[in-house]
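Just so we're aligned: 86 in numbering that gives the first Met the number 0 is position 87 of the sequence shown, and the numbers increase by one with no gaps anywhere. C-beta atoms are modelled at their ideal positions from N, C-alpha and C, and glycine is treated no differently.
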Amino acid sequence: MTMNSPLWGAELDHIRLDSTSPAQLAAFYRNAFVMAEHPLDDGTTLLHGENRRLIIGRDGRTEATGGQPFSAFRFPDGARLEAYKAHLTARGVNLMPCPTPLFASGAFAVADPDGRQMVFGVAHDRDEFEDTEPAGQVGHPPGRLQHVVVATADLAAMMAFYENTLGFVPTDHVLCDNEGGGQSLTAVFYRSTPEHHSFAMFLSDTARPDHHAYEVSCWNDIRDWADHMAGLEIKLWWGPGRHGPGNNLFFMVEDPDGYKVEISAELESMADTDPIRQWPHTERSLNLWGPGWMRS
Ligand SMILES: [Fe+2]
């Protein structure tokens, strides 16, 4: 039962992206994703809108993190966070200081096998920026930060950590046929709520960020976001299409640093008892409508 996962109920709250040109990157997200921009005390910049926020920092890019040093997941309350912390402590996991100012005290981080941090916490009682929503957001389609995806060269180690240690629940596997027979995994989708995935990983030749995504309410919202991008002369990088795993409608754009960003709708909801499904490693699995983005 997925409800038995100590992680169950945790949702993606924010991620951090690093850049050698943080002001340029912040301006992109401010305009393209209709967010307000605020300097934070630690020298980073907060971009936030309704149900979406991210932190942009000056380049701390390492080979391991590729410029996306952490993803932060939010528990619904402090009791759940403390129970999760106790679960990890009992398993001997090294808990590290929380690297984000956006969570209340009690938050902490853990490092995954690739060196990227996963942060767990609860929101502050009151968001000090809640009264400063960007003016352009009125009447704009919604966009809830919903999932983050990484690429890795060591899928086995990453799967063991995310499943067995952190408690992410596998939803779908993507498999390729090996030349000598048998099959190998090329992607795994994980959930921490009934939504099909809040986190996923793709096999690649190196560890790097893959993309993050904002969930909207319907196909017309996708149209409106695409029209909004068109008004800014931001070309769609991939899509529109429909993913096999998740069955979600999507398009992606690329930010000035090459990070991919997705607008998604109709992401599947899963039942607790749903078994892991399998997809072939084909373009069609990644995009039922047309060309796929093949990471390996
Ligand atoms: Fe996605």
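### Nearest-angstrom Cα separation, counted from Phe198 out to Met0
Low confidence applies to Met0: its pLDDT is 42, below 50, so where it sits in the model is not reliable enough to give any reading.
### Query
Does any heavy atom of ligand 1 sit closer than 7 angstroms to the C-beta of Ala229?
no
### Message
Which complete beta strand (DSSP E) runs does the region 227-264 hold, if anything under 3 residues is left out?
### Response
237-241, 248-253, 259-264
### Task
Whole angstroms is fine: what's the gap from Asp58's alpha carbon to Leu24's?
11 angstroms
### Message
Using only the alpha-carbon positions, how far apart do Gly289 and Gly240 sit?
### Response
7 angstroms
### Query
Could you give the distance in angstroms between the alpha-carbon of Pro274 and the alpha-carbon of Asp171?
9 angstroms
### Message
Please report the distance separating the alpha-carbon of Arg29 from that of Pro100.
### Response
20 angstroms
### Query
Would you say Glu253 touches ligand 1, meaning its beta carbon is less than 7 angstroms from a heavy atom?
no
### Query
Helix, strand or coil: which one does DSSP assign to His37?
strand
### Task
Starting from Glu214, trace the alpha helix (DSSP H) both ways and give me its first and last residue.
Unbroken run through Glu214 is the beta strand (DSSP E), 207-215; no alpha helix (DSSP H).
### Message
Applying the 10 Å Cβ sphere with the 16-neighbour rule, what's the burial state of Lys234?
### Response
exposed
### Task
Give the straight-line distance between the Cα atoms of Arg190 and Asp176, rounded to the nearest whole angstrom.
25 angstroms
### Task
Jot down the residue ranges of each uninterrupted alpha helix (DSSP H) in the region 115-188, minimum 4 residues, whole runs only, in chain order.
154-158
### Message
Quick check: what's the CA-CA separation for Leu45 versus Ile54?
### Response
5 angstroms
### Task
With DSSP as the reference, label Ser4 as helix, strand or coil.
coil
### Identity of the residue in Pro38, Phe72, Leu287 nearest Arg147 by Cα
Residue identity differs from the one stated: residue 147 is Val in this sequence, not Arg. Checked all of Pro38, Phe72, Leu287; the closest Cα to Val147 is Phe72.
### Task
Quick one: give me the first and last residue of the beta strand (DSSP E) that Arg57 is part of.
51-57
### Task
Please report the residue range of the beta strand (DSSP E) in which Leu45 lies.
44-48
### Query
Can you find a C-beta in chain B that's less than 8 angstroms from the C-beta of Asp223?
Included in the structure is just one protein chain, with no chain B present.
#### Entry: Unbroken alpha helix (DSSP H) run spanning Phe27, endpoints
21-31
### Task
Using only the heavy atoms of ligand 1, determine whether one of them is closer than 7 angstroms to the beta carbon of Val109.
no
### heavy atom of ligand 3 below 7 angstroms from Ser295 C-beta
With respect to ligand 3, the structure shown offers nothing to examine, as its ligands consist of ligand 1.
### Query
Cβ atoms of Gly65 and Ser18: under 8 angstroms apart, would you say?
no
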